[in-house]
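Numbering (the working numbering), first residue to last: 77 to 229. Working notes for the structure below.
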């Protein structure tokens, strides 16, 4: 792989590692706030827990369901962030495992967006305005990144 190609790949992997790390952190803070483990005036929260509560409310589920779904999303984001950081590190080292790790990172997180899009349909989130298009745009952004990285290989 050429040096320029390596830099492009590393930069894109770094972006997604940072993105999923920030999302994981803000969602974790939101969860901690919902559990009253952070002060009520804590500002760095995603607001996604409240959003999940509103989205699933149409089916009148048990109160624990929103928390369970949110915890699953947080774990999924953490795995994605870890894999992107690992792929970034391996790319810098020109390790032979770089494609395997990169594919795992993209596979996990593209699966997250695909799951969100399916959930958007199940819970009719398009009625909230903008949410399902955000998930679709993030899916396309990741797919575009993955294709670009594969093209520069």
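Beta carbons are placed, not taken as given, at the ideal position from N, Cα and C, and that holds for glycine. Quick caveat: nothing in here was measured; it's all calculated off a predicted structure.
What does a CB cutoff of less than 7 Å around residue i pick up in its chain, not counting 5 residues either side in sequence?
i: residue 186; result: 215, 218 and 219
i: residue 90; result: 164
i: residue 97; result: 157
i: residue 144; result: none
Just the Cα atoms here: how many angstroms apart are residue i and residue j?
i: residue 203; j: residue 149; result: 21 Å
i: residue 111; j: residue 222; result: 37 Å
i: residue 142; j: residue 93; result: 26 Å
i: residue 99; j: residue 197; result: 23 Å
i: residue 86; j: residue 168; result: 7 Å
i: residue 199; j: residue 104; result: 23 Å
i: residue 127; j: residue 155; result: 22 Å
i: residue 115; j: residue 146; result: 20 Å
i: residue 166; j: residue 172; result: 8 Å
i: residue 209; j: residue 81; result: 31 Å
i: residue 102; j: residue 131; result: 19 Å
i: residue 108; j: residue 183; result: 28 Å
i: residue 95; j: residue 120; result: 15 Å
i: residue 201; j: residue 207; result: 7 Å
i: residue 106; j: residue 135; result: 23 Å
i: residue 125; j: residue 170; result: 39 Å
i: residue 78; j: residue 117; result: 49 Å
i: residue 133; j: residue 205; result: 16 Å
i: residue 129; j: residue 213; result: 23 Å
i: residue 139; j: residue 113; result: 19 Å
If I measure Cβ to Cβ from residue i and keep anything under 6 Å in the same chain, skipping five residues before and after, which residues do I get?
i: residue 188; result: 152
i: residue 83; result: none
i: residue 181; result: 159, 160 and 163
i: residue 122; result: 102, 103 and 106
i: residue 228; result: 81 and 84
Using a Cβ-Cβ cutoff of less than 8 Å, which residues in the same chain neighbour residue i once the five nearest sequence positions on both sides are dropped?
i: residue 211; result: 189, 192, 193 and 196
i: residue 224; result: 84 and 88
Worksheet item: Between the stretch 173-184 and the stretch 153-165, do three or more beta carbon pairs fall short of 8 Å?
Response: yes
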